[in-house]
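Those protein sequences? They're chains A and B, same order as listed.
1 is the number of the first residue of the first sequence in this note's numbering; add one for each residue after it.
1001 is the number of the first residue of the second sequence in this note's numbering; add one for each residue after it.
Using N, Cα and C, we set each Cβ at its ideal position, and we do this for glycine too.
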Amino acid sequence: MMENTKPSLLEVQNLVTYYYTDEGVVKAVDGVDFKVYPGEIIGLVGESGCGKSVTSLSIMGLIESPGKIVNGKINFLERNLLELGESEMQNVRGAQISMIFQQPQSSLNPVFTIGSQIEEVFQIHGKISKNEAADKAIELLKLVGIPDAVKKTHAYPHEMSGGQAQRVMIAMALALSPKLLIADEPTTALDVTIQAQILNLLADLRRKFNTSVILITHDLGVIAEMADRVAIMYAGKIIEQSDVQSLFDHPKHPYTRGLIASVPVMGEIKESLDTIPGNVPNLIDLPIGCRFSTRCNAREEYQLEICNKQEPELQRNQKSGHEVRCWLYQDGEGHTAPFKL
Amino acid sequence: MIQYTIRRLLLAIPVIFGILLVTFTLSRMIPGEPCKAMLGEKATAQVCEQFTKQYGLDKPIPVQFAIFMGNMLRGDFGESIRFSRPVTLILIERLPTTIELGIFALLIACVIGIPAGILSAMKRNSPLDVVVMVISNIGVSMPVYWLGLMLAYFFALVLKDTFLWLPPTGRLTAGITSIPFFQLWNFPYISGTFSHYMLQFFSNFLIFNSIITGDWKVLGDSIKHLILPAMALGTIPMAIIARMTRSSMLEVLKQDYIRTAKAKGLQRNLVILKHALRNAMLPIITIIGLEVGILFAGALLTETIFGLSGVGRILYEAITARDYPIIQAFTVVIAIGYVFINLLVDLSYVFIDPRIRLE
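Listed below in structure tokens is the structure:
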């Protein structure tokens, strides 16, 4: 994909979100930059605890104490969301940016009917009569493929399967045709067959509504299937970003390569699955220099000294737009990069 | 649900029977006998023999129990040894006061306790939260009789001659009388019949009676007399309800659906009141049901301190006088009340949480 020249819908600039706990400052998101263009699906990939969900909650303005957005800008439709007051932000949430979550069944309130929970979105954001809202709820349930929609509006969340509940969540999220949908691991808790259905539904609705989607997942298979562009996160930072094709064909960052290598491939016989040694670093006490340096095999292979001294910058290939944050591609003081980006 | 209710009511019968059996035996195990308690230590053996025979206390205990059960099933609780009056009449006179006191106390406990708990949970770890929790900790550990005396001292003596003055004793100010609605409206009744008893019973709810007859003077006066005892009685349940509300709310606020409600753009206060509170209600309602038992126990002390002639006070007198019929009758009434309220609590679950099916 060529460099995108369209104006972006959402631009996250140097987002920094910390959690001030008794144990210390958890640097959950530590300087994240990315853009979302109208109508595209961008995948946000990383292991648990790398800051994917905190990034999305920061965009929604739903960071709760002891968490705090310390720095950055979140420009959405030419406004910096971080400068909006709570009531203005309430108008954005659910109407212009909406979100679906990992556990669809527990994300629906158990004591209210499906119908009333969808209707609520209309009631929050617009003066609309109860009957109209009820009609729209039925329409939405039909749209997301819930059979017997009229009857289902009176059902409670516990009477639905996980897949159906996620469809309801999607219906709720798309009720007001938002510009941006954040899907935080929408299929992780579902059966594989249901996963495919939900992903297809998301792809269809994206086309229908021209909604941009931030798809958060740790499943590279889902990304390959769905996303236009990908950003790989590691320990609170984006370490690689490009269009899907380029990322899977030419992964640059040793971490990305490790992630791709650790996906089992059908038909390929291996003694054991490839893994990335070690664990995600403690976000309170991050390693000096590159955050991945403690687990990086390329560092040893190329005997790089700079990795645990200084943090690399995000380098960008101007032609392909592929971005990577690694000393393998960046010159530094007394350090010559072994590769050109 | 009707089936469930009927089954629960049927199940209550053995429970009440068991309670009766225990109270019946235990009250006869209290050292001392009614004769000595009533007629004094110097009563001669001869007098006592006649006394026990008169009240049927000379028969073996199982026989006494059988007789008592038989009478009770016909609605006859026997005659009080101490007051020489039918126990049923005493109940009609006194039960309404205790029920009004209990409802009022519970009302105070809920109206203050639930919002305090919600605020505390919303502002977790803030100074407000700390203050509410410290007060409720003090509230839980405050003995009813001490609090009662302090309230009476403060409102009746310290605030004397101010508009905040509250009467420390009695149910109505001397000179104010409540006219029963059935007399005011000339209901036809035959003295001593069941319907007459029922009319009397309901008219003894002074607040209820004064509201339906529109007697605002009596209403104001009777509420005024209930405030202090209800505050004393309601403090412990209030503190317990506040703590339960707080912990239940904190639990609910962590749930995924709260995040969903916020992500929809709902106002924070509405998220709390609409999405969180209803989910947090189950444990709160359960504890309210259990508090009713504590209220009955507390009523005994409160009524004694504040000079209210309710069942609590007379139960205390009956125990000291070994007035078995009163002890037994009141225990049955309290047990039935407790069972009934907790049945209501269980039934309310269905309306609060659609996941609960009563079977």
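Looking from the CA of A:Glu-11, the closest CA among A:Asp-243, A:Leu-77 and A:Glu-132 belongs to A:Leu-77. Neighbours of B:Lys-1036 in chain A, taken as residues whose beta carbon is under 7 Å from its own, are absent, since the nearest beta carbon is some 60 Å off. Residue state for B:Met-1142 is assigned as coil, using DSSP reduced to three classes. At least one C-beta of chain A is nearer than 8 Å to the C-beta of B:Leu-1266. For A:Val-213, the enclosing beta strand (DSSP E) covers residues 212 to 217.
If you draw a straight line from the Cα of A:Ser-293 to the Cα of B:Arg-1357, it comes to about 56 Å. Contact of A:Val-144 with chain B is not assigned, every C-beta pair being separated by 8 Å or more.
With respect to chain A, the C-beta atom of B:Thr-1260 has a partner C-beta closer than 8 Å.
Where A:Phe-122 is concerned, the enclosing alpha helix (DSSP H) starts and stops at 114 to 125. Chain-order list of chain A residues neighbouring B:Pro-1354: Val-111 and Tyr-156, by C-beta distance under 7 Å.
Judged by pairs of C-beta atoms under 8 Å, the region 1333 to 1341 of chain B touches the region 1008 to 1016 of chain B, as three or more such pairs exist. Going by beta carbons, B:Ile-1341 and B:Gly-1289 fall inside the 8 Å limit. In the DSSP assignment, the residues bridged to A:Gly-332 are A:His-335. Check the Cα spacing between A:Leu-201 and each of A:Ser-177, A:Arg-167, A:Val-222 and A:Asn-210: the tightest is with A:Arg-167. Listed along chain A are Met-60, Leu-62, Arg-93, Gly-94, Ser-98 and Met-99, each with a C-beta nearer than 7 Å to that of B:Ala-1263. DSSP, read as helix, strand or coil, puts B:Pro-1325 in helix.
Burial state of A:Asn-131 is exposed, judged by a 10 Å Cβ sphere holding fewer than 16 other Cβ atoms. With fewer than 16 other Cβ atoms inside 10 Å of its own Cβ, B:Ile-1061 counts as exposed.
One Cα belongs to A:Trp-327, the other to A:Leu-304, and the distance between them is close to 8 Å. Put simply, of A:Tyr-37, A:Ile-124, A:Gln-245 and A:Leu-220 the residue whose alpha carbon is nearest the alpha carbon of A:Pro-7 is A:Tyr-37.
Proximity to B:Ile-1285 across B:Leu-1300, B:Val-1345, B:Ala-1318 and B:Pro-1237 peaks at B:Val-1345, based on C-alpha coordinates. Within chain A, the residues placing a beta-carbon under 7 Å from that of B:Asp-1256 are Phe-101, Gln-103, Ser-106 and Ser-107, ordered along the chain. Judged by beta-carbon spacing, B:Gln-1183 lies beyond the 8 Å limit of B:Ile-1092, meaning their Cβ atoms are not closer than that value.
Taking every protein chain shown into account, the CB of B:Met-1198 has fewer than 16 other CB atoms within 10 angstroms, so this residue is exposed. Of all residues in the region 1277 to 1311 of chain B, those with a C-beta nearer than 7 Å to a C-beta of chain A are Arg-1278 and Asn-1279, reading in chain order. Its Cα nearest to that of A:Cys-290, the residue A:Pro-312 stands out among A:Thr-336, A:Pro-277, A:Asn-279 and A:Pro-312.
B:Tyr-1153 counts as exposed, since fewer than 16 other C-beta atoms from the protein chains shown sit within 10 angstroms of its C-beta. B:Val-1218 has its alpha-carbon roughly 8 Å from the corresponding atom of B:Ile-1207. Look at A:Gln-318 here: in three-state DSSP terms it is coil, with no helix or strand label. One Cα belongs to A:Gln-241, the other to A:Val-324, and the distance between them is close to 6 Å. A Cβ-Cβ separation of about 47 Å leaves B:Ile-1081 out of contact with B:Pro-1115 under the 8 Å criterion. Between A:Glu-83 and chain B, the shortest Cβ-Cβ separation is not below 8 Å. Here B:Ile-1356 carries a coil assignment [DSSP, helix/strand/coil]. For the C-beta of B:His-1275, the chain A residues within less than 7 Å are, from N- to C-terminus, Asn-109. Note on A:Glu-333: under 16 other CB atoms within 10 angstroms of its CB, so exposed under the neighbour-count rule.
Membership of B:Gly-1220 in the alpha helix (DSSP H) is indicated by the continuous run 1216 to 1253.
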